Amino acid sequence: MATLTQALSTGLSPMEANSTKHRGRSADQIGHASTGSTPTHSNGNTPTHSNGNTPAHPNGNTSTRSNAAPRKRSKDSKYRHVFATHADTRTSCLSHDSDNTPSFVGFRNLMILVLIVSNLRLMIVNLQKYGVLICISCHDYRRSDVITGLLLYLLVPAHLFVTYLIELLASWQAKRAHAKITDEKDEDTPEKYAAALRSFNSTWHTVAFFHSVNAVSNLYIATKYVYYDIHHPGIGTLCEMHAVIVFLKCASYAFTNRDLRHAYLHPKQAEPLPALYNSCPYPQNINFKNMCYFWWAPTLVYQPVYPRTSHIRWGFVFRRLLEVLGLSIVVWIASAQYAAPLLQNSLDKFLTLNLPAILERVMKLSTISVFCWLCGFFALFQSSLNALAEVMRFGDREFYGPWWNSSSIRTYWTTWNKPVTNFMRRHVYSPLVGRGVPPPVAQIIVFLISGVLHELLVGVPTHNVIGVAFVGMMTQIPLIALTDYLQKIRGIDGKTAGNMIFWISFCLVGQPLGALLYFFAWQAKYGSVSKQFEASRAGGMFSRR
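If you use the UniProt record's numbering, the sequence shown corresponds to residues 1 to 545, in order.
Listed below in structure tokens is the structure:
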């Protein structure tokens with residue numbers, strides 16, 4: 001029986017166990033010497049010397065193996081249940097002191113699945129509650145809106161050609177002045193340069209006056225027709241945006257040629273011009289072909305010469321146009337099916353100033369707002385501008401940077417819309433700083449101009465210039481100061497905190513709240529809120545009677 005028990009415990013056959021039993025004592029006697037294991041007392045403790053150290057072998061090694069690497073388990077090992085599983089000091093992989101940071105690809109996949117499932121659930125709830133709201137014929141496209149918008153869109157570029165004519169006249173005057181200055185019979189004296197400079201400044205003041213009248217007239221005419229004659233906000237937005245783009249292009253064309261003309265008339269006093277411009281120096285750049293290229297180039301900053309690609313990839317253009325079409329349809333469906341009911345259901349909350357309900361509407365609208373904004377960003381800056389750049393063989397296609405990783409509001413505004421950033425830096429911020437204006441003051445001026453343009457782009461097409469877009473732009477200044485300060489604080493992850501502030505201020509609060517306010521203002525002027533207000537006022541009049 002003892003032999004059978006031993007066989008079961010050791011995994012041996014009864015005959016092997018019986019033979020092992022007779023050799024057991026001799027094996028125990030030599031085991032300590034042959035294997036280096038330490039004998040133990042009956043209480044299970046390892047005997048130690050008086051100094052508390054473990055007895056050592058003659059070769060100087062201790063008899064324990066606690067610090068030694070665990071033996072590699074052999075496939076034919078007899079003792080399979082005694083393998084040292086816990087043989088080393090290790091940390092949990094999610095601990096801060098872990099040597100190897102694990103990959104979080106699985107969590108990323110989980111988040112994607114959660115987003116997909118959550119949005120599918122919301123889509124099902126939306127369809128069950130409202131049905132299909134997508135209807136092309138339901139949009140209020142007035143015939144007068146389409147005709148006026150089309151005519152305005154075609155006539156706005158005329159101001160760009162007026163700018164060209166002004167610069168053409170200025171270039172003729174510059175050629176005559178340059179010929180007079182470089183006359184071999186005349187002496188090169190400081191007095192001559194001073195007289196030429198006074199003449200140049202006088203000419204520039206006249207040229208600047210006509211440029212200002214032309215550019216401001218462009219904005220004024222477009223704004224007037226959009227506000228009073230185009231009811232549909234979508235058509236009005238396209239026309240107003242086109243007018244703003246032409247306004248900025250006119251300003252850049254005038255400012256750039258002003259400096260080029262000064263360098264042309266004062267070559268000894270001027271700073272070196274970029275080597276890129278050598279192939280088309282002033283005044284050779286003042287020609288109709290050069291102006292037309294700048295008109296269609298995907299940039300707001302004028303240069304006589306741009307980096308160009310060798311050929312047009314029409315397959316690339318076709319794919320980008322498909323992206324624009326697909327994303328436009330997606331944004332339209334999302335706006336009509338999901339955003340419109342949310343906005344409509346928010347009107348009574350605004351009418352009664354139910355702040356908790358308004359907060360809930362803002363949070364609910366933030367999801368669809370972020371989705372539409374991201375789709376619109378990709379359709380405009382990635383697809384549309386790249387397609388246009390490919391057709392124009394425009395080489396510099398850095399239309400945006402990785403703004404989604406912005407650790408501060410300043411980083412966002414300098415990376416998400418590079419065409420506008422380049423214009424503001426080149427024609428507003430840098431000239432102001434060069435004239436001695438402190439950089440913070442120049443930054444405030446930049447945001448003032450940007451705030452006015454944003455209010456024109458949003459308030460005018462919606463026929464409600466209520467200042468929300470302007471105030472939203474001005475609030476970026478304290479947010480920039482806050483996120484810049486967070487970068488300097490030790491002990492916190494300032495970049496992560498700044499990125500969170502960016503997403504909260506833009507996507508969770510700013511955009512949905514702005515959309516709700518302008519939608520409420522539109523409905524108060526033209527829609528159901530106006531009717532409710534008139535009905536309540538009429539009811540009050542009858543009750544007083």
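Every residue, glycine too, gets a C-beta built ideally from N, C-alpha and C.
This one's a predicted model, so the numbers in the text were calculated from it and none came from an experiment.
Checklist entry - Does the separation of the CB atoms of P233 and L365 fall below 7 Å? => result No, these two residues do not count as a Cβ contact at 7 Å.
Checklist entry - Is the CB-CB distance between I368 and Y338 below 7 Å? => result yes
Next on the checklist: Give me, in chain order, the residues of the same chain whose beta-carbon lies closer than 6 Å to that of R545; leave out the 5 immediate sequence neighbours on both sides.
Outcome noted: Bear in mind that a pLDDT of 44 at R545, under 50, signals an unreliable position, so the number given afterwards is only what the model happens to contain. Counting only Cβ-Cβ distances below 6 Å, and skipping sequence neighbours, we find nothing.
Next on the checklist: In whole angstroms, give me the CA-to-CA distance for Y153 and L448.
Outcome noted: 26 Å
Checklist entry - Among the residues of its own chain, which have a CB less than 6 Å from the CB of M291, if the five just before and after it don't count? => result Y164
Next on the checklist: Less than 8 Å between C-beta atoms, sequence neighbours within five positions excluded: which residues of the same chain meet that for I312?
Outcome noted: E390, V391 and R393
Next on the checklist: For the alpha helix (DSSP H) containing R410, name the first residue and the last one.
Outcome noted: I409 to T415
Checklist entry - What's the C-alpha gap between P356 and M363? => result 11 Å
Item to check | DSSP bridge partner residues for R425 (one or two, in chain order) | outcome: Assignment of beta-bridge partners to R425 by DSSP yields no partner.
Item to check | Segments of 4+ residues assigned as alpha helix (DSSP H) that fall wholly inside the segment 463-492 | outcome: You should have 468-474 and 476-486.
Item to check | Cβ-Cβ separation, N214 to V162 (assumed contact under 8 Å), whole Å | outcome: 5 Å
Checklist entry - From A481 to S408, what distance separates their C-alpha atoms? => result Rounded to the nearest angstrom, the two C-alpha atoms are 9 Å apart.
Checklist entry - Mind checking Q284: buried by the 16 CB within 10 Å criterion, or exposed? => result exposed
Checklist entry - When you compare only the Cα positions, how much space is there between L456 and R410? => result Near 23 Å, if we compare the C-alpha coordinates of R410 and L456.
Item to check | With 16 other Cβ atoms within 10 Å as the buried cut-off, status of V301 | outcome: buried
Next on the checklist: Tell me which residues share the same chain as D229 and place their Cβ nearer than 6 Å to its Cβ, disregarding the 5 neighbours each side in the sequence.
Outcome noted: T148
Checklist entry - Would P438 be called buried (16 or more neighbouring beta carbons within 10 Å of its own) or exposed? => result exposed
Checklist entry - For the segment 229-307, which segments carrying the beta strand (DSSP E) assignment without a break, of at least 3 residues, lie completely within its bounds, in sequence order? => result If one requires a minimum length of 3 residues, no beta strand (DSSP E) run lies completely within the segment 229-307.
Checklist entry - Got a sec, what are the start and stop residues for the alpha helix (DSSP H) T352 sits in? => result L347 to T352 is the span of the alpha helix (DSSP H), which, as asked, contains T352.
Checklist entry - First and last residue of the alpha helix (DSSP H) that includes A521? => result Q511 to Y526
Item to check | alpha helix (DSSP H) segment containing V460, residue limits | outcome: No alpha helix (DSSP H) contains V460, which DSSP labels as neither H nor E.
Item to check | Rounded separation between S171 and V465 - CA only | outcome: The straight-line gap from Cα to Cα measures roughly 40 Å.
Checklist entry - Terminal residues of the continuous alpha helix (DSSP H) containing E398? => result Counting along the chain, E398 sits inside no alpha helix (DSSP H), nor does DSSP assign it H or E at all.
Next on the checklist: Just verifying my parser: in three-state terms, what is the DSSP assignment at S103?
Outcome noted: Residue state for S103 is assigned as coil, using DSSP reduced to three classes.
Checklist entry - Taking the alpha carbon of Y225 as the point to measure from, which residue in S212, V216 and C239 has its own alpha carbon closest? => result C239
Checklist entry - Just reading off the alpha helix (DSSP H) that D145 is part of, what are its end residues? => result R143 to L155
Checklist entry - By how many angstroms is the C-alpha of N109 removed from the C-alpha of T89? => result Take the alpha-carbon of T89 and the one of N109: they are about 32 Å apart.
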